[in-house]
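Reading through the structure tokens given below for one structure.
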Amino acid sequence: MDDKEPIVLYRRCLSDVKFQIAQNDELEDEVNKNSHSSAKILELTVDNDVIHGIYEGGLKTWECSLDLVEYLSIKSKEINFSGKKILELGCGSALPGIYLLSTQHSICVDFQDYNEHVLKLVTMPNVLINTVLRPQSDDIYEIDIVEEINCLNQLKNSRFFKGDWNGLTNLLNLHSNQEKYDIILSSETIYNLNSIPKLYNVIKHALKYPNGVAYIAAKTIYFGVGGGILSFCQLIEQDHIFEVNVVYTKAAHVRREILKLSFL
Ligand SMILES: C[S@@+](CC[C@H](N)C(=O)[O-])C[C@H]1O[C@@H](n2cnc3c(N)ncnc32)[C@H](O)[C@@H]1O
Numbered sequence: 161m162d163d164k165e166p167i168v169l170y171r172r173c174l175s176d177v178k179f180q181i182a183q184n185d186e187l188e189d190e191v192n193k194n195s196h197s198s199a200k201i202l203e204l205t206v207d208n209d210v211i212h213g214i215y216e217g218g219l220k221t222w223e224c225s226l227d228l229v230e231y232l233s234i235k236s237k238e239i240n241f242s243g244k245k246i247l248e249l250g251c252g253s254a255l256p257g258i259y260l261l262s263t264q265h266s267i268c269v270d271f272q273d274y275n276e277h278v279l280k281l282v283t284m285p286n287v288l289i290n291t292v293l294r295p296q297s298d299d300i301y302e303i304d305i306v307e308e309i310n311c312l313n314q315l316k317n318s319r320f321f322k323g324d325w326n327g328l329t330n331l332l333n334l335h336s337n338q339e340k341y342d343i344i345l346s347s348e349t350i351y352n353l354n355s356i357p358k359l360y361n362v363i364k365h366a367l368k369y370p371n372g373v374a375y376i377a378a379k380t381i382y383f384g385v386g387g388g389i390l391s392f393c394q395l396i397e398q399d400h401i402f403e404v405n406v407v408y409t410k411a412a413h414v415r416r417e418i419l420k421l422s423f424l
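Under my numbering, think of the first position of the sequence shown as 161, with each following residue one higher.
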């Protein structure tokens with residue numbers, strides 16, 4: 161029998177987002193008849209998972225992010241995350257970062273996504289509904305205000321970065337090794353061959369030397385776009401900065417893996 165405790169995380173569904181966008185749009189329309197920016201993003205999600213350079217898929221939750229949550233939950237029994245500084249790149253619904261934020265004490269988790277809409281409509285609400293706004297139970301109870309304040313204080317440390325990985329290293333403002341990240345997480349972000357070097361560059365500059373580690377969850381291959389585990393590993397091996405190990409695999413129609421990058 162499987163005696164693993166179930167992991168309970170809350171997330172906004174695409175339908176919640178569509179509902180909010182539809183409501184906002186009615187309001188926007190009253191103020192400005194030409195304003196359809198939210199609706200445009202909504203339209204894009206109907207037929208496309210990703211539109212390169214416009215919408216990179218962050219409104220929905222991708223399979224590998226659930227693998228990464230599962231892996232982190234196993235690892236949290238042996239790794240002490242306390243006091244760690246964590247960055248989730250290409251976070252979208254951000255379940256891996258949120259899992260750590262909501263289960264570990266005294267950690268700081270920053271989030272990055274390509275689209276501002278994704279951060280505001282999905283990432284931030286998901287952070288809130290898994291922390292300060294997390295439903296407790298149906299029982300009668302008193303809300304522990306001290307616990308809520310502790311939670312809010314921890315959240316105040318989180319930062320949300322919007323934009324392309326190209327400019328991210330400057331924005332992160334990491335002047336000393338101490339300011340860099342102990343752990344970088346990323347799921348389903350190595351599908352595009354053109355973007356892989358940009359993502360790798362952020363990891364290389366933002367990870368704390370010598371003990372920082374990055375966990376990258378991805379499919380072995382992304383058919384039709386060319387990226388995947390193989391192309392990413394080739395880049396790492398050529399650069400001779402990190403060693404890379406496969407720490408998790410999931411057999412599926414397209415195999416899924418988690419890579420661990422650590423400094424050589
Ligand atoms: C397929 S979604 C995955 C979302 C989420 N990590 C998950 O697994 O559910 C890819 C994510 O990568 C990010 N992304 C892709 N290309 C990017 C780029 N060039 N610069 C910054 N972020 C990018 C987007 O933010 C997007 O949310």
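Quick reminder that beta carbons are idealized off the backbone N, C-alpha and C, glycines included.
Sort the options by Cα distance to residue i and report the nearest one.
i                 : options                           : result
valine 177        : Gly250, Val282 and Cys251         : Val282
isoleucine 239    : His400, Lys368, Asp342 and Ile363 : Asp342
phenylalanine 320 : Ser422, Ser262, Ala182 and Leu247 : Leu247
valine 385        : Asp209, Ser175, Cys173 and Gln183 : Asp209
tyrosine 408      : Leu421, Phe402 and Ile396         : Leu421
leucine 174       : Ile214, Ser253 and Val229         : Ser253
cysteine 311      : Lys237, Gly387, Ser318 and Thr291 : Thr291
serine 266        : Lys316, Pro166, Lys364 and Ile211 : Lys316
cysteine 268      : Gly243, Arg294, Asp324 and Gly250 : Gly243
glutamine 394     : His212, Leu353, Pro285 and Gly250 : Leu353
methionine 284    : Leu261, Asp304 and Ile303         : Leu261
glutamate 230     : Tyr259, Ala366, Asp270 and Leu424 : Tyr259
isoleucine 181    : Tyr274, Lys280 and Lys237         : Lys280
cysteine 251      : Lys322, Pro166 and Asn405         : Lys322
isoleucine 234    : Tyr274, Val168, Lys164 and Asp270 : Lys164
Assign residue i to buried or exposed, taking buried as 16 or more other Cβ atoms, counted over all protein chains shown, within 10 Å of its Cβ.
i                 : result
asparagine 194    : Low local confidence applies: a pLDDT of 45 at asparagine 194 is under 50, so the model's placement there is unreliable, and no value is given.
phenylalanine 179 : exposed
histidine 277     : buried
aspartate 227     : buried
proline 256       : buried
valine 191        : For valine 191, the pLDDT reaches just 49, beneath the cut-off of 50, and the residue's location in the model is therefore unreliable, although a value from the coordinates is still provided. The residue is exposed, with fewer than 16 neighbouring Cβ atoms inside 10 Å.
leucine 232       : buried
glutamine 272     : buried
valine 306        : exposed
alanine 411       : exposed
tyrosine 351      : buried
tyrosine 369      : exposed
arginine 171      : buried
glutamine 314     : buried
glutamate 348     : buried
serine 355        : buried
asparagine 426    : The requested residue 426 is not part of the displayed model; the chain covers only 161 to 424.
asparagine 286    : buried
serine 346        : buried
glutamine 183     : exposed
glutamine 338     : exposed
In terms of residue numbering, what span does the alpha helix (DSSP H) encompassing residue i cover?
i              : result
valine 407     : Premise fails: valine 407 lies in the beta strand (DSSP E), 402-410, not in any alpha helix (DSSP H).
serine 391     : 389-399
serine 262     : 255-263
valine 306     : 305-316
asparagine 330 : 328-332
By the DSSP assignment, the beta strand (DSSP E) with residue i in it spans what residues?
i              : result
isoleucine 234 : Not the beta strand (DSSP E): isoleucine 234 falls in the alpha helix (DSSP H), residues 223-235.
leucine 249    : 245-249
isoleucine 343 : 343-347
Give me the DSSP bridge partner(s) of residue i.
i              : result
arginine 416   : Lys379 and Lys410
glutamine 272  : Phe321
valine 287     : Its beta-bridge partners do not exist; DSSP assigns none.
leucine 356    : According to the sequence shown, residue 356 is isoleucine rather than leucine. DSSP lists no partner for isoleucine 356.
tyrosine 369   : DSSP output for tyrosine 369 lists no bridge partner at all.
alanine 374    : Ile344 and Leu421
isoleucine 211 : Tyr215
Using 8 Å as the cut-off, can you tell me whether the segment 373-382 makes contact with the segment 414-422, which would need three or more C-beta pairs spanning the two stretches below that distance? yes
Original post:
Below 8 Å, can you find three or more Cβ-Cβ pairs linking the segment 299-312 to the segment 326-338?
Top reply: Segment contact: the segment 299-312 against the segment 326-338, fewer than three CB-CB distances shorter than 8 Å; contact not assigned.
Exercise. Between the segment 211-220 and the segment 358-365, do three or more beta carbon pairs fall short of 8 Å?
Worked result: No, the segment 211-220 does not touch the segment 358-365.
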